[in-house]
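Chemist:
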Amino acid sequence: MFEIRSLIRKFGEKTAVDKVSVSIPDAAMIGIIGRSGAGKSTLLRILNRMTDATSGEILHEGRNILSLRGADKRAWQCDCAMIFQQFNLVPRMDVVSNVLHGTLNRRSTLSTMFNLYPQNDIHRAIDILDRLGIAEQAPKRADALSGGQQQRVAIARALMQDPKIILADEPIASLDPMNATIVMDSLRRIHDEDGRTVICNLHTLDTARRYCDRVIGMRDGRVVFDGSPEQLTTGAARDIYGAGADFSEAATSTDIGALEKPGRQPDLVSA
Ligand SMILES: Nc1ncnc2c1ncn2[C@@H]1O[C@H](COP(=O)(O)OP(=O)(O)O)[C@@H](O)[C@H]1O
Ligand SMILES: [Mg+2]
Numbered sequence: 006m007f008e009i010r011s012l013i014r015k016f017g018e019k020t021a022v023d024k025v026s027v028s029i030p031d032a033a034m035i036g037i038i039g040r041s042g043a044g045k046s047t048l049l050r051i052l053n054r055m056t057d058a059t060s061g062e063i064l065h066e067g068r069n070i071l072s073l074r075g076a077d078k079r080a081w082q083c084d085c086a087m088i089f090q091q092f093n094l095v096p097r098m099d100v101v102s103n104v105l106h107g108t109l110n111r112r113s114t115l116s117t118m119f120n121l122y123p124q125n126d127i128h129r130a131i132d133i134l135d136r137l138g139i140a141e142q143a144p145k146r147a148d149a150l151s152g153g154q155q156q157r158v159a160i161a162r163a164l165m166q167d168p169k170i171i172l173a174d175e176p177i178a179s180l181d182p183m184n185a186t187i188v189m190d191s192l193r194r195i196h197d198e199d200g201r202t203v204i205c206n207l208h209t210l211d212t213a214r215r216y217c218d219r220v221i222g223m224r225d226g227r228v229v230f231d232g233s234p235e236q237l238t239t240g241a242a243r244d245i246y247g248a249g250a251d252f253s254e255a256a257t258s259t260d261i262g263a264l265e266k267p268g269r270q271p272d273l274v275s276a
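Per the working numbering, numbering of the sequence shown is gapless, rising by one per residue and ending at 276.
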């Protein structure tokens, strides 16, 4: 579907993204893992054109999306919706209006100013909330919801754009394990049912292994691993995280998934 070629992004002396070349096929579910500072967010932001690249290209349907301007650039940004760790909702506004914000770039300034939304859009927003299991939250203020619910509102807002690609930057980093599971299940289901590409920056190995068909490991701006979860051995993980012999997967693990592994449960057997 699109191809990233020799992508570089420098911030002064620092090379945040260092010659990244990756092909992303249609309907992929990809996890990007790596330490903090590895360049994961910068890569997603370049994809969505929130940040410019220093050099390189991203080819999509015969065009370099890095040179899109004006309406073409906005159309691309509509095609790849972004989800953030901190949800980025308008806290004091009700849930359904937050979701309707996903249609902003196709509405006039005047209708936006007066919060006027077409009836069709309102119905669609409710349907999407329903699909994510939070329709009954629609009239509430966004800041009255739990973190997991807020992140599902953010996913609903993204779906309002009907994007081909969903870019999620650490979507579960602020959530407890139960809500993390609900949010990752939602993203996986959207991928499975709609065939949308999901590219998800994840802090932890086990989430990437469990939810993604392909894992890309970044270290110091470079792609140091690109393969299936099965290929992601402890050795490969050690390489991605730049850890020494004392590397332990538990150190890069949230409780999600790990909870199910018998070895990590408290020992209930008494002597
Ligand atoms: N706007 C910026 N200005 C200066 N340096 C930045 C900026 N954004 C990111 N960086 C640097 O680029 C590197 C990669 O950052 P980032 O993409 O946020 O990594 P990650 O998401 O993997 O934690 C880091 O060293 C970070 O400090
Ligand atoms: Mg980041």
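Positions of the beta carbon are idealized from the N, C-alpha and C atoms, including for glycine.
Note that the coordinates shown come from a computational prediction; the quantities given were computed from them, not determined experimentally.
Check whether the Cβ of S20 lies closer than 6 Å to any heavy atom of ligand 1, and answer yes or no.
Modeler: The amino acid occupying residue 20 in the given sequence is Thr; Ser does not appear at that position. T20: no, Cβ never under 6 Å from ligand 1.
Chemist: Taking all protein chains shown into account, do 16 or more other C-beta atoms lie within 10 angstroms of the C-beta of E175, making it buried, or fewer, making it exposed?
Modeler: Looking at its Cβ environment, which holds 16 or more other Cβ atoms inside 10 Å, E175 is buried.
Chemist: Label N184 either buried or exposed according to how many other C-beta atoms from any shown protein chain fall within 10 Å of its C-beta, with 16 as the threshold for buried.
Modeler: So N184 ends up on the buried side.
Chemist: Nearest by alpha-carbon distance to I29: which of I37, D23, V22 is it?
Modeler: I29 has its Cα closest to that of I37, out of I37, D23, V22.
Chemist: Measuring from each Cβ to the nearest heavy atom of ligand 2, keep the ones under 7 Å and list them in chain order.
Modeler: This criterion selects S41, K45, S46, D174, E175, N206.
Chemist: Would you give the residue range spanned by the alpha helix (DSSP H) that R224 belongs to?
Modeler: Looking at the DSSP string, R224 is not in any alpha helix (DSSP H); the run it does join, the beta strand (DSSP E), is 219-224.
Chemist: Quick one: using the 10 Å Cβ neighbour count with 16 as the cut-off for buried, is H106 buried or exposed?
Modeler: It counts as buried.
Chemist: Return the CA-CA distance between M201 and I88, expressed in angstroms with no decimal places.
Modeler: Note that residue 201 is Arg in the sequence shown, not Met. Their backbone Cα atoms lie some 14 Å apart in a straight line.
Chemist: Fully enclosed by the segment 27-62, which alpha helix (DSSP H) runs are 4 residues long or longer?
Modeler: Whole alpha helix (DSSP H) segments, 4+ residues: 45-52.
Chemist: Taking 8 Å as the cut-off, does the segment 9-22 touch the segment 229-247 (at least 3 CB pairs, one atom from each stretch)?
Modeler: With a cut-off of 8 Å, the segment 9-22 and the segment 229-247 do not count as touching, because too few Cβ pairs lie within range.
Chemist: Who are the near neighbours of I170 in its chain, counting only those whose CB is closer than 6 Å to its CB and skipping five residues on each side?
Modeler: The residues are C85, T202.
Chemist: In angstroms, rounded to a whole number, what distance separates the CA positions of A248 and A178?
Modeler: A248 and A178: Cα-Cα distance of roughly 21 Å.
Chemist: Report yes if the C-beta of A80 is less than 6 Å from at least one heavy atom of ligand 1; otherwise report no.
Modeler: Because no heavy atom of ligand 1 lies under 6 Å away, the Cβ of A80 does not count as near it: no.
Chemist: For A76, count neighbouring C-beta atoms within 10 Å of its own C-beta (all shown protein chains included) and say buried if the count is 16 or more, exposed if not.
Modeler: Looking at its Cβ environment, which holds fewer than 16 other Cβ atoms inside 10 Å, A76 is exposed.
Chemist: In whole angstroms, what is the alpha-carbon distance linking R54 and R129?
Modeler: Distance between the alpha carbons of R54 and R129: 27 Å.
Chemist: Along the chain, where does the alpha helix (DSSP H) that runs through T186 open and close?
Modeler: Here the alpha helix (DSSP H) through T186 covers 182-199.
Chemist: Pop quiz: Q155 and A147 are said to be a contact at Cβ under 8 Å. What is the actual Cβ separation, rounded to whole angstroms?
Modeler: Indeed, because the Cβ distance is near 6 Å, the residues count as touching under 8 Å.
Chemist: Under three-state DSSP, which class holds H208?
Modeler: H208: coil per DSSP, three-state reduction.
Chemist: Would you mind giving the Cβ-Cβ distance between R215 and L237, rounded to the nearest angstrom? I have them listed as a contact below 8 Å.
Modeler: Rounded, the Cβ-Cβ distance is 11 Å, inconsistent with contact.
Chemist: Under a three-way DSSP split, which group does E235 fall into?
Modeler: The answer is helix: DSSP assigns E235 an H, G or I state.
Chemist: Of the residues R224, T56, E235, which one's Cα is nearest the Cα of D244?
Modeler: The shortest Cα separation from D244 among R224, T56, E235 belongs to R224.
Chemist: Determine the direct distance from the alpha carbon of L52 to that of Q82, and round the result to whole angstroms.
Modeler: Rounded to the nearest angstrom, the two C-alpha atoms are 9 Å apart.
Chemist: Give every residue of the same chain whose Cβ lies closer than 6 Å to the Cβ of L48, excluding the five residues on either side of it in the sequence, and list them in chain order.
Modeler: Within the same chain, L48 has close Cβ partners V22.
Chemist: As a quick exercise: from L207, D197, T212, pick the residue whose alpha carbon is nearest that of A43.
Modeler: The residue with the shortest Cα to Cα distance from A43 is L207.
Chemist: Assuming contact is defined by CB atoms lying nearer than 7 Å, are A280 and I133 in contact in what I supplied?
Modeler: Residue 280 cannot be examined here, being either before or after the span of the chain that is shown, 6 to 276.
Chemist: Starting from I88, trace the beta strand (DSSP E) in both directions and tell me its first and last residue.
Modeler: Residues 85-89.
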